[in-house]
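Colleague:
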Amino acid sequence: MTKIFKLISLLYLIINSLSIAIADENFFNKGLKLFKDKKYEDARFMFERGIVFNPKDSNSYLYLAKIYNIQEDQGKEEKNLEATLLIEPDNEEAILMSMKIALERSNYSKVKDLSNTFSKVCKKLCNENKEILDTLANIEPKKNES
27 MTKIFKLISL
37 LYLIINSLSI
47 AIADENFFNK
57 GLKLFKDKKY
67 EDARFMFERG
77 IVFNPKDSNS
87 YLYLAKIYNI
97 QEDQGKEEKN
107 LEATLLIEPD
117 NEEAILMSMK
127 IALERSNYSK
137 VKDLSNTFSK
147 VCKKLCNENK
157 EILDTLANIE
167 PKKNES
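Those letters in the sequence shown? Residues 27 to 172, by the numbering used here.
So this is what it looks like as structure tokens:
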């Protein structure tokens with residue numbers, strides 16, 4: 027009797043874990059489709075639901091940041107970028123977006139720090155770093171200016 031109970035319990039746990047994993051993936055995929063269709067509020071809801079099931083889903087946080095960027099809510103965008111980078115520190119898209127925010131806020135030291143990190147991890151977006159550094163060089167105050 028105990029063996030049957032243990033077997034049923036184990037089977038239940040396995041099935042439950044699989045259904046949670048599948049649900050999480052479905053939320054992200056549905057959110058991604060809605061994002062591509064420019065239905066940002068519906069996409070945001072799906073990404074948030076996905077995070078409930080998997081709080082370590084860096085892609086959901088990244089897409090939430092993209093939605094808040096479109097909606098021009100820089101505080102929430104930055105919060106989600108920070109979450110993305112906590113989970114996946116070498117996410118070049120999140121680093122790049124963070125660099126742009128720091129540049130807008132004239133936080134030049136943060137831009138330089140993020141740029142150093144970005145140059146170590148970049149694979150696809152390496153040209154973007156050079157553009158940001160060129161912009162930074164043009165607007166950063168010179169040391170001998172008063």
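Just so you know, even glycine gets a beta-carbon here, dropped at the ideal spot from N, CA and C.
1. Under three-state DSSP, which class holds K29?
2. For K150, which three-state DSSP category applies?
3. With distances taken from CA atoms, which of L60, I121, N52 is nearest K149?
4. For a quick check, are the C-beta atoms of L151 and E108 less than 8 Å apart?
5. Just to confirm, is the Cβ distance from Q2 to I127 under 8 Å?
6. Output needed for M125: all residues of its chain with C-beta closer than 6 Å, excluding positions within five of it in sequence on either side, in chain order.
7. Straight-line CA distance for S84 to I34?
8. Rounding to the nearest angstrom, what Cα-Cα distance links E98 and K32 in this structure?
9. Looking at the secondary structure, which residues open and close the alpha helix (DSSP H) in which S124 lies?
10. Here's the rule I'm using: 16 or more other beta-carbon atoms within 10 Å means buried, otherwise exposed. How should E67 be labelled?
11. Assuming K102 contacts Y94 (C-beta within less than 8 Å), just tell me the rounded distance between them.
12. By how many angstroms is the C-alpha of A91 removed from the C-alpha of D63?
13. For the candidate residues S86, I96, F54, D160, whose alpha-carbon lies nearest to that of N106?
Modeller: Here's the rundown:
1. In the sequence shown, the residue the question calls residue 29 occupies position 3. Of the three classes helix, strand and coil, the one that applies to K29 here is helix, per DSSP.
2. Looking up residue 150 in the sequence shown gives position 124. DSSP places K150 in coil when its eight states are reduced to three.
3. As a working note, residue 149 is residue 123 in the sequence shown. Ranked by how close their Cα comes to the Cα of K149, the residues L60, I121, N52 have I121 in first place.
4. The residue given as residue 151 occupies position 125 in the sequence shown. The residue given as residue 108 occupies position 82 in the sequence shown. No, these two residues do not count as a Cβ contact at 8 Å.
5. Beyond the ends of the chain as shown, which are 27 and 172, falls residue 2; an answer cannot be given.
6. Along the sequence shown, read from residue 1 onward, the residue named residue 125 stands at position 99. So the qualifying residues of the chain are V137, L140, I158.
7. In the sequence shown, counting from the first residue as 1, residue 84 sits at position 58. In the sequence shown, counting from the first residue as 1, residue 34 sits at position 8. Roughly 34 Å separates the two Cα atoms.
8. Sequence index remark: in the sequence shown, residue 98 carries index 72 (1-based). Sequence index remark: in the sequence shown, residue 32 carries index 6 (1-based). Cα to Cα, the separation comes out at about 53 Å.
9. Here residue 124 corresponds to residue number 98 of the sequence shown, with the count starting at 1. Segment 118 to 130, the alpha helix (DSSP H) holding S124.
10. In the sequence shown, counting from the first residue as 1, residue 67 sits at position 41. Counting Cβ neighbours within 10 Å, E67 comes out exposed, since fewer than 16 surround it.
11. Counted from its first residue, the sequence shown places residue 102 at position 76. Counted from its first residue, the sequence shown places residue 94 at position 68. At roughly 4 Å, the Cβ-Cβ gap stays under 8 Å, so K102 and Y94 are in contact.
12. The count along the sequence shown starts at 1 and reaches residue 63 at position 37. The count along the sequence shown starts at 1 and reaches residue 91 at position 65. One C-alpha to the other measures close to 17 Å.
13. Position 80 of the sequence shown, counted from the first residue, corresponds to residue 106. Looking at the Cα atoms, S86 is the closest of the given residues.
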